[in-house]
Amino acid sequence: DTEVTQTPKHLVMGMTNKKSLKCEQHMGHRAMYWYKQKAKKPPELMFVYSYEKLSINESVPSRFSPECPNSSLLNLHLHALQPEDSALYLCASSQLATGGRNEQFFGPGTRLTVL
Amino acid sequence: AQSVTQLGSHVSVSEGALVLLRCNYSSSVPPYLFWYVQYPNQGLQLLLKYTSAATLVKGINGFEAEFKKSETSFHLTKPSAHMSDAAEYFCAVIGGGNEKLTFGTGTRLTIIP
Numbered sequence: 842d843t844e845v846t847q848t849p850k851h852l853v854m855g856m857t858n859k860k861s862l863k864c865e866q867h868m869g870h871r872a873m874y875w876y877k878q879k880a881k882k883p884p885e886l887m888f889v890y891s892y893e894k895l896s897i898n899e900s901v902p903s904r905f906s907p908e909c910p911n912s913s914l915l916n917l918h919l920h921a922l923q924p925e926d927s928a929l930y931l932c933a934s935s936q937l938a939t940g941g942r943n944e945q946f947f948g949p950g951t952r953l954t955v956l
Numbered sequence: 411a412q413s414v415t416q417l418g419s420h421v422s423v424s425e426g427a428l429v430l431l432r433c434n435y436s437s438s439v440p441p442y443l444f445w446y447v448q449y450p451n452q453g454l455q456l457l458l459k460y461t462s463a464a465t466l467v468k469g470i471n472g473f474e475a476e477f478k479k480s481e482t483s484f485h486l487t488k489p490s491a492h493m494s495d496a497a498e499y500f501c502a503v504i505g506g507g508n509e510k511l512t513f514g515t516g517t518r519l520t521i522i523p
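Written out as structure tokens, the structure is:
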């Protein structure tokens with residue numbers, strides 16, 4: 842299985858809602874990532890988990906809360922978002938190797954709209 | 411710090427013509443370079459990667475790229491464009507033991523029938 846899955850595909854939420862994005866991989870990868878992608882822009886890194894521990898937080902606002910319950914799952918909890926948070930949220934995974942030799946595998950993304 | 415620059419935000423080629431998408435890198439250490447493709451409303455798919463094993467790298471869908479240290483380039487080519495190649499292409503770099511993948515600004519490839 843060489844696939845990263847993400848649910849839901851689309852999500853519409855109000856600014857007072859609480860929702861979660863889910864990502865799953867069964868490739869035995871020990872690094873998982875969240876990216877945010879605005880239209881016509883490259884993905885921007887948000888968080889990196891290595892061995893289920895948060896290793897990089899790119900100064901993301903606290904209304905985004907990541908969680909890695911086990912080596913296959915990655916969640917992104919959303920609360921009190923702003924309309925400018927509307928974007929495509931991409932999850933990725935990779936094997937861990939020094940120097941970054943291993944490519945990241947991306948999921949199809951969740952299209953988030955904040956009203 | 412590592413970075414990549416993609417020259418040309420939009421490239422149009424005729425079906426059957428050569429595809430050339432340009433990427434130049436800046437890295438203080440030997441880089442690991444990647445090309446990803448993104449079709450509309452989809453995630454990113456890896457086309458190919460350079461990890462210092464060979465300077466000419468062959469990828470999926472007939473694409474290849476050549477690492478040229480003297481020119482700090484890693485341009486993506488395909489001899490004959492197909493309509494299905496229309497997409498956004500991103501060059502990306504990792505280097506120096508850092509887990510962070512840094513993307514270029516992307517090139518939108520349009521194929522003219």
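Chains A and B are the protein sequences, given in the same order. Residues in the first sequence are numbered consecutively from 842, following the working numbering. Residues in the second sequence are numbered consecutively from 411, following the working numbering. Each residue gets a CB set at the ideal place from its N, CA and C atoms; glycine is no exception. Source: prediction; values computed, not measured.
Measure the alpha-carbon distance for Cys433 of chain B versus Thr857 of chain A and round it to whole angstroms. Here residue 433 of chain B refers to the residue found at position 23 when the second sequence is read from its first residue. Here residue 857 of chain A refers to the residue found at position 16 when the first sequence is read from its first residue. Between Cys433 of chain B and Thr857 of chain A, the C-alpha separation is close to 42 Å.
When the cut-off is 8 Å and only beta carbons count, does Lys510 of chain B lie next to chain A? Locating residue 510 of chain B in the second sequence gives position 100, counting from the first residue. So, interface residue.
8 Å Cβ cutoff met for Leu519 of chain B and Val439 of chain B: In the second sequence, counting from the first residue as 1, residue 519 of chain B sits at position 109. In the second sequence, counting from the first residue as 1, residue 439 of chain B sits at position 29. No, the Cβ-Cβ distance between Leu519 of chain B and Val439 of chain B is not below 8 Å.
Please determine, among B:Gly418, B:Gln452, B:Tyr442, the residue with the shortest C-alpha to C-alpha distance to Val467 of chain B. Indexing the second sequence from 1 puts residue 467 of chain B at position 57. Taking only the C-alpha atoms, the option nearest Val467 of chain B is B:Tyr442.
For the 8 Å Cβ check, are there 3 or more pairs between the region 906 to 917 of chain A and the region 419 to 428 of chain B? With the cut-off at 8 Å, the region 906 to 917 of chain A and the region 419 to 428 of chain B do not touch.
Residues of its chain near Val436 of chain B, where Cβ-Cβ distance is below 6 Å and the 5 sequence neighbours each way are ignored: Along the second sequence, one-based indexing puts residue 436 of chain B at 26. One detail in the question is off: residue 436 of chain B reads as Ser in this sequence, not Val. Contacts found: Ser413.
Which word fits Lys882 of chain A, buried or exposed, when buried means at least 16 other C-beta atoms lie within 10 angstroms of its C-beta? Position 41 of the first sequence, counted from the start, is the residue given in the question as residue 882 of chain A. Flag for Lys882 of chain A reads exposed.
If we cut at 8 Å on Cβ distances, does Lys488 of chain B have a partner in chain A? Walking along the second sequence from the start, residue 488 of chain B turns up at place 78. No, its Cβ sits nowhere closer than 8 Å to a Cβ of chain A.
Spatially closest choice to Val447 of chain B from B:Thr512, B:Ala496, B:Val503, by CA coordinates: Taking the first residue of the second sequence as position 1, residue 447 of chain B is located at position 37. Of the listed residues, the one whose Cα sits closest to Val447 of chain B is B:Ala496.
Fully enclosed by the region 918 to 952 of chain A, which beta strand (DSSP E) runs are 3 residues long or longer? Correct list: 928 to 935.
Report the rounded CA-to-CA distance for Glu899 of chain A versus Lys850 of chain A, giving the unit in angstroms. Numbered from its first residue, the first sequence carries residue 899 of chain A at position 58. Numbered from its first residue, the first sequence carries residue 850 of chain A at position 9. Computed Cα separation, rounded: 24 Å.
Tell me where the beta strand (DSSP E) around Val414 of chain B begins and ends. For this step, residue 414 of chain B is matched to residue 4 along the second sequence. Counting along the chain, Val414 of chain B sits inside the beta strand (DSSP E) bounded by residues 413 to 417.
With a threshold of 8 Å between beta-carbons, can Leu466 of chain B be considered close to chain A, or not? Residue numbering aside, residue 466 of chain B sits at position 56 when the second sequence is read from its first letter. At a cut-off of 8 Å, the C-beta of Leu466 of chain B has no neighbouring C-beta in chain A.
Which partner residues of Ile521 of chain B appear in the DSSP bridge assignment? For the purposes of this step, residue 521 of chain B is identified with residue 111 of the second sequence, where counting begins at 1. Answer by DSSP bridge pairing, in chain order: B:Val423.
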